[in-house]
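Going line by line, the protein sequences match chains A and B.
For the first sequence, position 37 (counting from the first letter as 1) is numbered 37 according to my numbering, and the numbering increases by one without interruption.
Heads up: take any position in the second sequence, counting from 1, add 169, and you land on my numbering.
Here the structure is laid out as structure tokens; the discussion comes afterwards.
2 protein chains.
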Amino acid sequence: MTVRKLADAIEYSPPTIYEYFDNKDAVLSEVVQNGFTELTREMQSAGGQSTVPEEQLLAVGLAYYRFAKAQPELYRIMHGMGGVPLDARVVAVNAQLAGAVSQGVLHNWAVKNAVQLDELEASELLWSTLHGLTILGASNRLEGGDERTERLIARAVRDFLTAWRVQGV
Amino acid sequence: MTVRKLADAIEYSPPTIYEYFDNKDAVLSEVVQNGFTELTREMQSAGGQSTVPEEQLLAVGLAYYRFAKAQPELYRIMHGMGGVPLDARVVAVNAQLAGAVSQGVLHNWAVKNAVQLDELEASELLWSTLHGLTILGASNRLEGGDERTERLIARAVRDFLTAWRVQGV
DNA sequence: GAATAAATCTAACGCTGTTAGAAAAGAGGT
DNA sequence: ACCTCTTTTCTAACAGCGTTAGATTTATTC
Numbered sequence: 001m002t003v004r005k006l007a008d009a010i011e012y013s014p015p016t017i018y019e020y021f022d023n024k025d026a027v028l029s030e031v032v033q034n035g036f037t038e039l040t041r042e043m044q045s046a047g048g049q050s051t052v053p054e055e056q057l058l059a060v061g062l063a064y065y066r067f068a069k070a071q072p073e074l075y076r077i078m079h080g081m082g083g084v085p086l087d088a089r090v091v092a093v094n095a096q097l098a099g100a101v102s103q104g105v106l107h108n109w110a111v112k113n114a115v116q117l118d119e120l121e122a123s124e125l126l127w128s129t130l131h132g133l134t135i136l137g138a139s140n141r142l143e144g145g146d147e148r149t150e151r152l153i154a155r156a157v158r159d160f161l162t163a164w165r166v167q168g169v
Numbered sequence: 170m171t172v173r174k175l176a177d178a179i180e181y182s183p184p185t186i187y188e189y190f191d192n193k194d195a196v197l198s199e200v201v202q203n204g205f206t207e208l209t210r211e212m213q214s215a216g217g218q219s220t221v222p223e224e225q226l227l228a229v230g231l232a233y234y235r236f237a238k239a240q241p242e243l244y245r246i247m248h249g250m251g252g253v254p255l256d257a258r259v260v261a262v263n264a265q266l267a268g269a270v271s272q273g274v275l276h277n278w279a280v281k282n283a284v285q286l287d288e289l290e291a292s293e294l295l296w297s298t299l300h301g302l303t304i305l306g307a308s309n310r311l312e313g314g315d316e317r318t319e320r321l322i323a324r325a326v327r328d329f330l331t332a333w334r335v336q337g338v
């Protein structure tokens, strides 16, 4: 994506872009912002399909991966791959996203299973695992392709819950 | 990093670079290659400090993170952030790296604890978690800075082993 | 319709990766 | 030492990039 191509696509000259955005990074920040909004919505929607916390967590994880798989270029930009550095605003949205996962589903699971939970720590760990699997899966660096990556995600979620149930806080 | 700056640094003119490399990506591929070689060496060295599989695994994980933290720009390039697409060669090296972790340490742990282990699956899961935590930690997207990230890594490794011990293959 | 404000353009600057072709440096033979 | 040939290195240039200054067109208001 270049400023000139963007200008071409909307049938304006390049400088017109700069009437609405400070620079190219500002344009992409907007894209990133929208991306996170959409991703969050899809995750929440996926989680809402069930009322069983374990199922919700798996659904959320799969939604995360499928989003990355469906729009790999967007996902790349959203996470600072592709040369666009993340600014503070984007990081804030990120944290909010992690929070959305933890606050809702993890909390429900904890009370239901009478497990003491450091919600922040738990959500960050789960999020990291999902993020790692997603990056590797979406860039085809895991054997066995799509279904296998989804199975790995399922296993990761299950392992995560097992560990917390056994070890607690 | 630009071709002209590289040429300046070695006190040659830009076209000279193209006598030794096909293009800029080829130069960076070389850098990535060397990066993975060094990372693998550091992980193996860290693992060799102990003979207890649990400790080895933690040491390997921390070495992975510390490498990324010490040379964030290199780590970024190594994983396709910064606009350089990964080619097949690099992915192969990646798989080899994951293999190095699993083949050695995980196998020892499994026989010692009489746990049935899908080594590939286990190593990919562990690797993904490490990768995710490292990316988020090295780009300061986890609360609490460096020590906390290392504690999260320790917890992740412990959780990983707990889950496999409890659930097995 | 003239004057002002807003939107958009053309032209240019300095940067990038890359290539063609000239110049310089080195090697071998007489 | 000189000429020839090969290898190495350079200068100059092209097309594309993000970005800015300043002119020009379009819209708004009296």
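Here a beta-carbon is modelled for each residue, glycine too, at the ideal position from N, C-alpha and C.
Keep in mind that this is a model prediction, so the values were computed, not measured.
| field | Whole-angstrom distance between proline 241/B and aspartate 194/B, CA atom to CA atom | value | 19 Å
| Rounded separation between arginine 320/B and tyrosine 20/A - CA only | 44 Å
| For threonine 353/B versus valine 166/A, is the C-beta distance shorter than 7 Å? | Summary: the structure shown does not reach residue 353/B, with chain B confined to residues 170 through 338, and so no result is reported for it.
| Counted within 10 angstroms of its Cβ, other Cβ atoms place glutamate 121/A as buried (16 or more) or exposed | buried
| query | Would you say leucine 208/B and phenylalanine 236/B are within 7 Å of each other, going by their C-beta atoms? | reply | The Cβ-Cβ distance between leucine 208/B and phenylalanine 236/B falls below 7 Å.
| said: Residues of chain A with CB closer than 7 Å to the CB of serine 340/B, please, in chain order. | reply: Beyond the ends of chain B as shown, which are 170 and 338, falls residue 340/B; an answer cannot be given.
| task | Please report how far the alpha carbon of alanine 323/B lies from the alpha carbon of leucine 227/B, in whole angstroms. | result | 6 Å
| field | chain B within 7 Å of aspartate 25/A, Cβ atoms only | value | no
| query | Applying the criterion that 16 or more other CB atoms from any shown protein chain within 10 Å of the CB defines a buried residue, is alanine 239/B buried or exposed? | reply | exposed
| query | Are there 16 or more other CB atoms within 10 angstroms of the CB of isoleucine 246/B, so buried, or fewer, so exposed? | reply | buried
| message | Let's see if you can read the secondary structure: which residues bound the alpha helix (DSSP H) around methionine 247/B? | response | 241 to 247
| My guess is that serine 223/A and glutamine 56/A are in contact by the Cβ rule of under 8 Å, so how many angstroms apart are they, rounded? | The structure shown does not extend to residue 223/A, since chain A is modelled only from 1 through 169, so no value can be given for it.
| Looking at the structure shown, is phenylalanine 160/A part of a helix, part of a strand, or coil, going by DSSP? | helix
| Buried or exposed: which applies to glycine 61/A, given that a residue is buried once 16 or more other Cβ atoms fall within 10 Å of its Cβ? | Result: buried.
| query | Is the Cβ of leucine 125/A closer than 7 Å to any Cβ of chain B? | reply | So, interface residue.
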